[in-house]
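Step one of this worksheet: look at the structure below.
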Amino acid sequence: MTTSHTKIIACATVIEEMLPILPEGVSYEVLDFGLHLTPEKLRVTLQDRIDAADADTVILGYGLCSMAVVGLMATDCTIVVPRVDDCIAIFLGSHDAYIEQARREPGTYYLTKGWIEVSDTPFAEYERLVERYGQIRALRMIKLMLKNYTRLAFIDTGHYEQERYRQYTRLMAKQFDLRYEELPGSRALVEKMIFGPWNGDFVIARPGETITYADFKTPSRNLSRTGFAP
(Lines of atoms letter the chains of each structure in order from A and count residues from 1; the text may use other names and numbers.)
(Lines give C-alpha, C1' and ligand atoms only; values in the text may rest on other atoms or scores of the structure.)
Protein backbone atom coordinates (compact mmCIF):
# COMPACT_ATOMS: atom_id res chain seq x y z
CA MET A 1 0.00 0.00 0.00
CA THR A 2 1.36 3.44 -0.82
CA THR A 3 1.38 6.06 1.89
CA SER A 4 -0.61 8.49 -0.30
CA HIS A 5 -3.70 6.27 0.00
CA THR A 6 -3.70 6.04 3.78
CA LYS A 7 -4.30 8.77 6.35
CA ILE A 8 -3.95 8.84 10.13
CA ILE A 9 -6.36 10.84 12.27
CA ALA A 10 -5.37 10.89 15.93
CA CYS A 11 -5.66 12.87 19.14
CA ALA A 12 -2.69 14.92 20.32
CA THR A 13 -1.52 12.38 22.91
CA VAL A 14 -1.60 9.35 20.60
CA ILE A 15 0.04 11.01 17.60
CA GLU A 16 3.00 11.81 19.84
CA GLU A 17 3.66 8.07 20.16
CA MET A 18 3.28 7.54 16.41
CA LEU A 19 5.44 10.34 15.03
CA PRO A 20 8.86 8.90 16.01
CA ILE A 21 8.22 5.79 13.88
CA LEU A 22 5.94 7.20 11.19
CA PRO A 23 7.36 6.75 7.68
CA GLU A 24 8.27 9.96 5.92
CA GLY A 25 5.48 11.46 3.83
CA VAL A 26 2.59 9.77 5.65
CA SER A 27 -0.45 12.01 5.85
CA TYR A 28 -1.80 12.64 9.33
CA GLU A 29 -4.16 15.00 11.11
CA VAL A 30 -4.19 15.87 14.80
CA LEU A 31 -7.46 16.65 16.61
CA ASP A 32 -7.78 18.67 19.81
CA PHE A 33 -7.60 16.50 22.92
CA GLY A 34 -10.37 18.60 24.46
CA LEU A 35 -12.89 16.97 22.11
CA HIS A 36 -12.85 13.97 24.48
CA LEU A 37 -14.86 16.05 26.95
CA THR A 38 -17.87 15.86 24.61
CA PRO A 39 -17.97 12.41 22.93
CA GLU A 40 -20.79 13.43 20.59
CA LYS A 41 -18.76 16.39 19.34
CA LEU A 42 -15.74 14.14 18.91
CA ARG A 43 -17.84 11.68 16.87
CA VAL A 44 -19.14 14.42 14.58
CA THR A 45 -15.63 15.83 14.10
CA LEU A 46 -14.18 12.40 13.35
CA GLN A 47 -16.90 11.67 10.80
CA ASP A 48 -16.28 15.01 9.08
CA ARG A 49 -12.53 14.33 8.89
CA ILE A 50 -13.06 10.75 7.67
CA ASP A 51 -15.40 11.97 4.93
CA ALA A 52 -12.86 14.58 3.87
CA ALA A 53 -9.82 12.29 4.08
CA ASP A 54 -9.64 11.35 0.38
CA ALA A 55 -7.91 8.07 1.31
CA ASP A 56 -8.42 4.36 0.78
CA THR A 57 -7.76 3.67 4.46
CA VAL A 58 -8.09 5.86 7.55
CA ILE A 59 -6.27 4.79 10.73
CA LEU A 60 -7.80 6.31 13.85
CA GLY A 61 -5.51 7.01 16.78
CA TYR A 62 -8.38 6.50 19.20
CA GLY A 63 -10.09 3.72 21.12
CA LEU A 64 -13.74 3.39 22.03
CA CYS A 65 -13.29 6.69 23.90
CA SER A 66 -16.62 6.95 25.76
CA MET A 67 -18.45 5.54 22.73
CA ALA A 68 -17.25 8.42 20.52
CA VAL A 69 -16.29 6.10 17.64
CA VAL A 70 -19.53 4.10 17.76
CA GLY A 71 -21.66 5.12 14.80
CA LEU A 72 -18.76 6.23 12.60
CA MET A 73 -19.37 5.18 9.01
CA ALA A 74 -16.72 4.15 6.53
CA THR A 75 -18.20 6.11 3.64
CA ASP A 76 -15.80 5.42 0.79
CA CYS A 77 -12.77 4.16 2.73
CA THR A 78 -11.76 1.48 5.23
CA ILE A 79 -11.50 2.56 8.87
CA VAL A 80 -8.96 0.90 11.17
CA VAL A 81 -9.17 1.60 14.92
CA PRO A 82 -7.50 -0.19 17.85
CA ARG A 83 -9.95 -2.48 19.69
CA VAL A 84 -9.37 -0.83 23.08
CA ASP A 85 -11.49 1.20 25.48
CA ASP A 86 -9.18 4.21 25.51
CA CYS A 87 -5.63 5.33 24.88
CA ILE A 88 -4.29 3.91 28.16
CA ALA A 89 -4.20 0.50 26.46
CA ILE A 90 -2.42 2.06 23.47
CA PHE A 91 0.30 3.46 25.73
CA LEU A 92 0.65 0.16 27.62
CA GLY A 93 0.93 -1.78 24.36
CA SER A 94 -2.27 -3.85 24.32
CA HIS A 95 -5.79 -4.30 25.61
CA ASP A 96 -4.57 -7.27 27.67
CA ALA A 97 -1.89 -5.16 29.36
CA TYR A 98 -4.51 -2.62 30.37
CA ILE A 99 -6.90 -5.30 31.66
CA GLU A 100 -4.09 -6.78 33.75
CA GLN A 101 -3.46 -3.39 35.38
CA ALA A 102 -7.18 -2.77 35.91
CA ARG A 103 -7.59 -6.15 37.63
CA ARG A 104 -4.49 -5.71 39.76
CA GLU A 105 -5.40 -2.22 40.93
CA PRO A 106 -8.63 -0.71 39.58
CA GLY A 107 -8.27 2.55 41.54
CA THR A 108 -5.53 3.91 39.31
CA TYR A 109 -5.24 7.28 37.61
CA TYR A 110 -2.76 7.22 34.70
CA LEU A 111 -0.52 10.01 33.45
CA THR A 112 1.83 10.29 30.46
CA LYS A 113 3.95 13.08 29.08
CA GLY A 114 1.22 13.86 26.56
CA TRP A 115 -1.59 14.06 29.11
CA ILE A 116 0.46 16.35 31.34
CA GLU A 117 1.24 18.63 28.41
CA VAL A 118 -2.38 19.01 27.30
CA SER A 119 -3.32 19.84 30.92
CA ASP A 120 -6.50 17.79 30.93
CA THR A 121 -6.06 16.19 34.35
CA PRO A 122 -7.46 16.77 37.86
CA PHE A 123 -4.04 18.08 38.83
CA ALA A 124 -4.10 20.80 36.19
CA GLU A 125 -7.69 21.54 37.23
CA TYR A 126 -6.49 21.92 40.83
CA GLU A 127 -4.20 24.75 39.80
CA ARG A 128 -7.09 26.50 38.06
CA LEU A 129 -9.36 26.00 41.06
CA VAL A 130 -6.76 27.45 43.42
CA GLU A 131 -6.91 30.73 41.51
CA ARG A 132 -10.71 30.75 41.78
CA TYR A 133 -11.45 29.32 45.22
CA GLY A 134 -8.18 29.27 47.14
CA GLN A 135 -5.92 26.36 48.06
CA ILE A 136 -7.95 24.78 50.88
CA ARG A 137 -11.23 24.61 48.99
CA ALA A 138 -9.53 23.57 45.74
CA LEU A 139 -7.71 20.72 47.50
CA ARG A 140 -10.95 19.52 49.05
CA MET A 141 -12.72 19.57 45.66
CA ILE A 142 -10.01 17.59 43.86
CA LYS A 143 -9.67 15.03 46.66
CA LEU A 144 -13.41 14.46 46.38
CA MET A 145 -12.98 13.93 42.64
CA LEU A 146 -10.19 11.42 43.31
CA LYS A 147 -11.85 9.63 46.22
CA ASN A 148 -11.98 6.28 44.37
CA TYR A 149 -8.30 6.37 43.38
CA THR A 150 -5.42 4.97 45.41
CA ARG A 151 -2.61 4.91 42.84
CA LEU A 152 -1.16 7.48 40.46
CA ALA A 153 0.74 5.66 37.71
CA PHE A 154 3.16 7.33 35.33
CA ILE A 155 3.45 5.46 32.02
CA ASP A 156 6.99 5.84 30.71
CA THR A 157 6.61 5.86 26.93
CA GLY A 158 10.31 6.47 26.38
CA HIS A 159 10.20 10.05 25.16
CA TYR A 160 12.78 12.68 26.00
CA GLU A 161 12.41 14.69 29.22
CA GLN A 162 10.70 11.80 30.97
CA GLU A 163 12.31 12.75 34.28
CA ARG A 164 10.54 16.10 34.23
CA TYR A 165 7.13 14.46 33.89
CA ARG A 166 8.04 11.70 36.32
CA GLN A 167 8.83 14.30 38.98
CA TYR A 168 5.55 16.10 38.26
CA THR A 169 3.62 12.86 38.79
CA ARG A 170 5.48 12.11 42.03
CA LEU A 171 4.64 15.60 43.30
CA MET A 172 0.95 15.18 42.44
CA ALA A 173 0.85 11.75 44.11
CA LYS A 174 2.27 13.19 47.31
CA GLN A 175 -0.01 16.23 47.29
CA PHE A 176 -3.19 14.18 46.81
CA ASP A 177 -2.25 11.21 49.02
CA LEU A 178 -1.91 8.71 46.18
CA ARG A 179 0.71 5.99 45.85
CA TYR A 180 3.15 6.68 43.04
CA GLU A 181 4.08 3.90 40.66
CA GLU A 182 5.82 3.86 37.30
CA LEU A 183 4.73 1.53 34.52
CA PRO A 184 6.74 0.75 31.39
CA GLY A 185 5.02 1.86 28.22
CA SER A 186 5.10 -0.11 24.99
CA ARG A 187 4.93 0.83 21.33
CA ALA A 188 3.72 -2.63 20.32
CA LEU A 189 0.17 -1.54 19.50
CA VAL A 190 1.29 1.75 17.94
CA GLU A 191 3.62 -0.18 15.63
CA LYS A 192 0.78 -2.49 14.60
CA MET A 193 -1.44 0.54 13.95
CA ILE A 194 1.11 1.84 11.48
CA PHE A 195 2.67 -1.28 10.01
CA GLY A 196 0.07 -4.00 10.68
CA PRO A 197 -1.08 -6.65 10.73
CA TRP A 198 -4.57 -5.28 11.39
CA ASN A 199 -5.81 -8.42 13.10
CA GLY A 200 -8.10 -9.12 16.04
CA ASP A 201 -6.54 -6.22 17.94
CA PHE A 202 -8.38 -3.85 15.61
CA VAL A 203 -11.91 -2.94 14.60
CA ILE A 204 -12.19 -2.85 10.82
CA ALA A 205 -15.04 -1.05 9.04
CA ARG A 206 -15.03 -1.48 5.27
CA PRO A 207 -16.69 0.97 2.85
CA GLY A 208 -20.38 1.28 3.67
CA GLU A 209 -20.04 -0.29 7.15
CA THR A 210 -20.67 1.42 10.48
CA ILE A 211 -18.66 0.87 13.66
CA THR A 212 -20.75 -0.65 16.48
CA TYR A 213 -20.16 -1.25 20.18
CA ALA A 214 -20.25 -5.01 19.51
CA ASP A 215 -17.21 -4.62 17.24
CA PHE A 216 -15.12 -3.80 20.31
CA LYS A 217 -16.22 -6.99 22.07
CA THR A 218 -15.73 -9.40 19.17
CA PRO A 219 -12.36 -9.60 17.36
CA SER A 220 -12.51 -8.56 13.72
CA ARG A 221 -11.37 -10.76 10.89
CA ASN A 222 -7.92 -9.89 9.61
CA LEU A 223 -7.78 -7.21 6.96
CA SER A 224 -6.01 -8.60 3.91
CA ARG A 225 -3.91 -5.48 3.59
CA THR A 226 -1.58 -4.22 6.26
CA GLY A 227 -0.02 -0.87 7.02
CA PHE A 228 3.01 0.91 5.68
CA ALA A 229 6.05 -1.08 4.73
CA PRO A 230 8.69 -0.56 7.46
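Counting from 1, position 164 in the sequence shown corresponds to residue 164 in UniProt numbering; the numbering is continuous, with no gaps. Glycine included, C-beta positions come from ideal geometry on N, C-alpha and C. Since the model is a prediction, treat every value here as computed from it, not as a measurement.
Check	Outcome
Cutoff 7 Å; reference I88; Cβ partners in own chain excluding five residues on either side	Y98, Y110
Three-pair Cβ contact test at 8 Å for the stretch 161-178 versus the stretch 116-124	yes
I79 to E40 span [Cα, whole Å]	18 Å
Check whether V84 and H95 have beta carbons under 7 Å apart	yes
Bounding residues of the alpha helix (DSSP H) (the contiguous stretch that carries residue 269)	Given that the chain is displayed from residue 1 to residue 230, the structure contains no residue 269 and the question cannot be resolved.
E209 and A74 closer than 7 Å at C-beta	yes
Any 3 or more C-beta pairs closer than 8 Å across the stretch 23-34 and the stretch 46-66	yes
For K7: DSSP bridge partner residues	S27, V58
Option nearest H36 by Cα separation, candidates A52, V26, V14	V14
Close Cβ partners of G158 (< 8 Å) along its chain, the five nearest in sequence each way excluded	G185, R187
C-beta contact flag for I155 and T112 at 7 Å	yes
Residue burial classification, K217 (beta-carbon count within 10 angstroms, cutoff 16)	exposed
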